Every structure is written in C-alpha cells, then in structure tokens.
Amino acid sequence: MYGGYEMRAWVRRWASGRRARRWVAAFCLFVLTALAVDYFAYPYGSLLGGRSSNRGENGLWLRYTWYFSQYSRVEVVELGQRLAREQVRYAYFHVRSVLVDGRLKYRHAESADFNRRLHEADPKICSIAWVYVDGSVDLSNETVRRQMAEEASWLVHTCGFDGVQWDYEPCHSGDAGLLRLLEATRAALPGAFLSVATPTWFPWPVSGAGWTEEYFGEVGKRCDQIAVMCYDTGFVTPRSYAWLVGQQAERVPRAAGKCQVLLGLPTYEAGGRSHNPRAENLKIGLKAVRESDGVAGIALFADYTTDAAEWAWYERAWLGGEGVSR
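Numbering (the working numbering), first residue to last: 52 to 377.
Right, dumping it as structure tokens:
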C-alpha cells in the first residue's frame, strides 16, 4: 500500500512538472517569436516619428584620395557643389595617420590647391583634416603631443584646411593624454576649428566600453566639435540600436555644454562582428535622431559607402519634411 501511494505521488509530481515545463517552453517560444518579429518588422510600415532638426550643420567623412590630390579640378568643384546641395558643412578629409613619434605618415602640401578650389566652390564649407591615431601612439608623451600639434598646424597653414579632427579610436574614458593633446592643438591653432571623433556612451553593464558623460564634458571644454561615432557598437537589434543612438542625442550634448555635437551614422554594410547592418544603418539612426533633440546635426560615415538610395533617404528624412513614411 505504501509503495502504491509513493508511486501515485511521483506520477502527480511528474505530471505537474511536465505541465510546468510545457508552460516554460511555450513562454520561451512566445518570447523568441516576438523578438524575431520585432527584429525583422521594426520599424517598417509606420511613419517616421519626430521631426528633423536639420540646421545645415552636417558632416561627412571622405576618402584620403582627396588629400592626395587624385581628382581633377572639375571633380573638386563638383564635390563642393554636392556638399552645398546636401547641406554638409563639415567635410572630414582623411589625411591618414600619424607615426609613433607624432609625425604625419603622409605629407601632401599639394592639397592646398585642392582646398583653395573647394572653398571657391562653396566658401561655407569647413574643410577638416581627419587624422587617425592608433594605439601605438603614446599620448602621455609630451614630445609626441607637441609634434602632433605641429603637424596639425602644418595641415592648416600649409595645406589650407580650416581645422583638424583627431580620431583617437582606442581612447578610453578618462584618458588624460587626449585632453593634453587638445590643449596643445588649441595652443598651436588658436583660430582653427578643432573636432574630435569619439566613441559612444554605453549603458551598464558595458559602460566601460564607452565614455562617461563626465569625460565628454572634459573633452567638450577643449574643442569646438564632438562627432560621436555611432557605429560598430555591437548592438545587433534595430530597436536596441535606435535606443542607443537616442541616448547619445540626449546625453552627449547635455554633457558637452557649449561644444557642438554631431552624431555619426553608418552607411556601410561590410564590417566586423560589432556591426550588424540590419540594425546599424542610416534609416534606424535617423529615426532615433528625429525623435530626440539637442544635436547640431548628423555626419555620414562615409562618402565612399553612401549609395544613391541612402542619399535619397537622407534628403527626405533629414533635409526634407515631417512624418516621412518608413
């Protein structure tokens, strides 16, 4: 009798556990289905909310071949006209990188002629030398920083750029070397435009991968413009990426004070594991920017990856009207 009772109790527990497992499995399936639908459906089929706050203060990263003077005079004029038409004021021309001692890897004084023609095509364009700085460059070294500031001065005074943009991509939040470099550059170029291409702010628990609002504030005190690189974030779903871009639009301008803030949005597909083009793209990024406020403009990365369809969307959703259909 006792053995039969134990058997019946075991059967009841097993049946109850099986029902619980079924509920858990059904719930997990529901969640996975909802995530899959959201991944592929968001935000298609709806009006693009918010409004465009375009003020004609937009940016564009351009290939190093312009600095290397690999285009004709006609092509330079056409570029200036296109930048004016697309309301791109800040043109970041890649001048490649600096060596470990702070010297430019490539020096092309001939770019002075290119800059002169570009300014003739549109005097409002701010031609900026975009300088990549990798992790081999020790910004804690004062001699290196002084050499980099001198190179920035050469780019402005000899090559005709209106300013420089330091793109120190391995920079961690709180890095004092970047702050000292900005101070040295400002001292060497008191009247030139000084921009910084920066990582994003990240939420906990991955906040260590980006910059804190406090550090954005310190950088903002030392330059004219912060261009937040809102790409290669590792946020793989469209909704999460839109949320992250929206956070940049709210947090960084508030932290940067009087410093101008542009949000860099991607127009490329090929990339590493940290870039999912289904999530990180111009349409999703513009949706987030339109639903936020505070940024001076957006910057496209990059001219050589932006196709005709993306330019058309930029014109409609950013330069154009309200309530654009997605």
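C-beta atoms are modelled at their ideal positions from N, C-alpha and C, and glycine is treated no differently. Keep in mind the model is a prediction, meaning the values are calculated, not measured.
>> Please classify residue 136 as buried or exposed, where buried requires at least 16 neighbouring CB atoms within 10 angstroms.
In response: exposed
>> Can you tell me where the beta strand (DSSP E) holding residue 352 begins and where it ends?
In response: 348-352
>> For a quick check, are the C-beta atoms of residue 167 and residue 100 less than 9 Å apart?
In response: no
> Is the Cβ-Cβ distance between residue 295 and residue 318 less than 9 Å?
Replying inline: no
> What does DSSP give as the partner residues of residue 280 in its beta bridges?
Replying inline: 315
> Could you give the residue range of the alpha helix (DSSP H) that holds residue 164?
Replying inline: 162-172
>> Quick test of the definition: if touching needs 3 or more C-beta pairs under 8 Å, does the stretch 197-216 touch the stretch 143-163?
In response: yes
> Between the C-alpha atoms of residue 282 and residue 371, what's the straight-line distance to the nearest angstrom?
Replying inline: 24 Å
> By a C-beta neighbour count over all protein chains shown, 10 Å radius and 16 as the cutoff for buried, is residue 82 buried or exposed?
Replying inline: Only weak support exists for where residue 82 lies, its pLDDT of 44 falling under 50; the value from the coordinates is given anyway. Its Cβ having fewer than 16 others within 10 Å, residue 82 is exposed.
>> So, at 7 Å on beta carbons, what are the nonlocal neighbours of residue 147 in its own chain, with the 5 sequence-adjacent residues on each side left out?
In response: 115, 156, 157, 183
> Where in the stretch 107-147 do unbroken runs of the beta strand (DSSP E), each at least 3 residues long, occur, reported from the N-terminal end onward?
Replying inline: 109-113
> Skipping 5 residues on each side, what residues in its chain have a beta carbon closer than 6 Å to that of residue 85?
Replying inline: Bear in mind that a pLDDT of 44 at residue 85, under 50, signals an unreliable position, so the model cannot answer this.
> CA-CA distance, residue 335 and residue 278?
Replying inline: 18 Å
> If you draw a straight line from the alpha carbon of residue 358 to that of residue 68, how long is it in whole angstroms?
Replying inline: 56 Å
> To which residues of the same chain is residue 378 closer than 6 Å at the C-beta, ignoring the five residues directly before and after it?
Replying inline: There is simply no residue 378 to check, as the chain begins at 52 and stops at 377 in what is shown.
> Who are the near neighbours of residue 261 in its chain, counting only those whose CB is closer than 6 Å to its CB and skipping five residues on each side?
Replying inline: 250, 251, 252, 253
> Between the stretch 255-269 and the stretch 213-230, do at least 3 Cβ pairs fall closer than 8 Å?
Replying inline: yes
>> Using CA atoms only, rank isn't needed, just tell me which of 142, 188, 192 is closest to residue 213.
In response: 142
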